[in-house]
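Our numbering puts the first residue of the sequence shown at 44, with every later residue one more than the last.
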Amino acid sequence: MIALDKIRAIDIHTHAEEPCGCHSDDGYDELQSTMASYFGAPWKHPPTIPETAAHFRAQNTAAVIFPVDAERETGYRRYSNDEVIDLVKQNSDVLIPFASIDPWKGKMAVREARRLIEEHGIKGFKFHPTMQGFYPNDRMAYPFYELLAEHGCIGLFHTGQTGVGSGMRGGNGIRLKFSNPMYLDDVAVDFPDMKIIMAHPSFPWQEEALAVAQHKPNVYIDLSGWSPKYFPPILVRYCNSILKKKVLFGSDWPMITPERWLTDFEKIDIKEEIRPDILGSGLIANK
Numbered sequence: 044m045i046a047l048d049k050i051r052a053i054d055i056h057t058h059a060e061e062p063c064g065c066h067s068d069d070g071y072d073e074l075q076s077t078m079a080s081y082f083g084a085p086w087k088h089p090p091t092i093p094e095t096a097a098h099f100r101a102q103n104t105a106a107v108i109f110p111v112d113a114e115r116e117t118g119y120r121r122y123s124n125d126e127v128i129d130l131v132k133q134n135s136d137v138l139i140p141f142a143s144i145d146p147w148k149g150k151m152a153v154r155e156a157r158r159l160i161e162e163h164g165i166k167g168f169k170f171h172p173t174m175q176g177f178y179p180n181d182r183m184a185y186p187f188y189e190l191l192a193e194h195g196c197i198g199l200f201h202t203g204q205t206g207v208g209s210g211m212r213g214g215n216g217i218r219l220k221f222s223n224p225m226y227l228d229d230v231a232v233d234f235p236d237m238k239i240i241m242a243h244p245s246f247p248w249q250e251e252a253l254a255v256a257q258h259k260p261n262v263y264i265d266l267s268g269w270s271p272k273y274f275p276p277i278l279v280r281y282c283n284s285i286l287k288k289k290v291l292f293g294s295d296w297p298m299i300t301p302e303r304w305l306t307d308f309e310k311i312d313i314k315e316e317i318r319p320d321i322l323g324s325g326l327i328a329n330k
């Protein structure tokens, strides 16, 4: 169990990756190396879950970690939720498991999600509309959301532009339109008891994200995927005021390290009394 009173911070947004070369024929390693170059990460293939745990342990930082199931849309075979959960359980002093299931899988997705909730106590699910190829307010996904609302689970949704496919031919087939945060306004209305986290500063739709988070009590924003020194001024202003209890620390590991994010966070104009709420982001499920 994580000693919440002793850790430095809780990172709400980190990615679980398999060892390099598990599926050498599907292009995933090329995607990862291109993303690493885009973010300036010091590796061509991300660290494994045990390596991730060791890194966060050394930083005295805990993390929510998840795979991304986008195999239907991208052809990249998913990292099994069960495998991820097993490895995370071996590192439960620093890691908290979320799961990911493509909502296009319909009844199969709901069945798997229910099993993970009931058998493994999973409290949150990662959705990546851009990689999974769906609008978050598509009624296709509503049975999945109903399950999350029923069990008090969190829906963590990628929003805004993505480094995935950036600079690759045709953006590697990635369509940015699916991750406009305004589509989550419908979800927040239709599922008012499901907690929704909009991942990342939502370029180029930052103001839409702020509006939805301010208007809907069940919607939050994580600050992952960007160094804080690049946060737009309006985001910092909202962090310091009307959204001060609704913005959460996230790094987007392994493309951004927690220590880099935290060092840059110390240098931006966030009120001192607000910083502990942002850095304790993993506690969102208890708020």
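Ideal Cβ positions, reconstructed from N, Cα and C, are used throughout, including at glycine.
Since the model is a prediction, treat every value here as computed from it, not as a measurement.
Do F170 and L191 have their C-beta atoms closer together than 8 Å?
-> no
Is there a Cβ from chain C that is less than 8 Å from the Cβ of I277?
-> The structure shown has no chain C; it contains just one protein chain.
Could you give the C-beta distance for V153 and P186, rounded to a whole number, given that I count them as a contact under 8 Å?
-> Taking a contact as a CB-CB distance under 8 Å, the pair V153 and P186 counts as one, their CB atoms being some 5 Å apart.
Could you work out which residue in K220, L219, M298 and E162 is closest to H194 when comparing CA atoms only?
-> Ranking K220, L219, M298 and E162 by Cα distance to H194 puts E162 first.
Thinking V127 and P110 are a contact (beta carbons under 8 Å), I'd like their distance in whole angstroms, please.
-> 5 Å
Where does K238 fall in DSSP's three states?
-> Strand, per DSSP.
For L219 versus M241, is the C-beta spacing smaller than 8 Å?
-> no
Assuming N124 and A142 form a contact by the criterion Cβ under 8 Å, report the distance between their Cβ atoms to the nearest whole angstrom.
-> Their Cβ separation, rounded to whole angstroms, is 4 Å, which keeps N124 and A142 in contact under 8 Å.
Secondary structure at N329, three-state DSSP: helix, strand or coil?
-> Any reading at N329 must be qualified, since the residue scores a pLDDT of 42, below 50, and its modelled position is unreliable; the value itself is stated next. Looking at N329 - three-state DSSP - the assignment turns out to be helix.
Could you round the C-beta distance between D48 and P301 to whole angstroms and report it? I think they count as a contact, below 8 Å.
-> In fact, because the Cβ distance is near 19 Å, the residues do not count as touching under 8 Å.
What do you get for N329, buried or exposed, if any count of 16 or more other CB atoms within 10 angstroms of its CB means buried?
-> The predicted position of N329 is uncertain, since its pLDDT is 42 and thus under 50; a value taken from the coordinates is nonetheless stated next. Counting other Cβ atoms within 10 Å of its Cβ, N329 stays below 16 and is therefore classed as exposed.
Mind reading off the beta-carbon distance from Y188 to M237? Whole number of angstroms is fine, and I expect it under 8 Å.
-> 6 Å
Grab me the residues of F246's own chain with a C-beta within less than 7 Å of its C-beta, minus the 5 sequence neighbours each way, in chain order.
-> G203 and Q204
Of the residues K310, R212, K259 and N261, the one placed nearest F274, counting alpha carbons only = K310
Looking at Q249 and L286, is the spacing between their C-beta atoms short of 8 Å?
-> no
Is P260 helix, strand or coil when you go by DSSP?
-> coil
Can you pull the DSSP bridge partners for F99?
-> According to DSSP, which records beta bridges pairwise, F99 is partnered with nothing at all.
Excluding sequence positions up to five away, which residues of its chain have a Cβ less than 6 Å from the Cβ of Q102?
-> Hits under 6 Å: P301 and E302.
Beta carbon of H56, beta carbon of V107: below 8 Å?
-> yes
I think A256 touches K288, with their Cβ atoms under 8 Å apart; what is that distance to the nearest whole Å?
-> About 11 Å; that fails the 8 Å criterion.
Which class does K169 belong to by DSSP, given the choice of helix, strand or coil?
-> K169: strand per DSSP, three-state reduction.
Does DSSP put I128 in a helix, a strand or coil?
-> In the three-state reduction of the DSSP assignment, I128 falls in the helix class.
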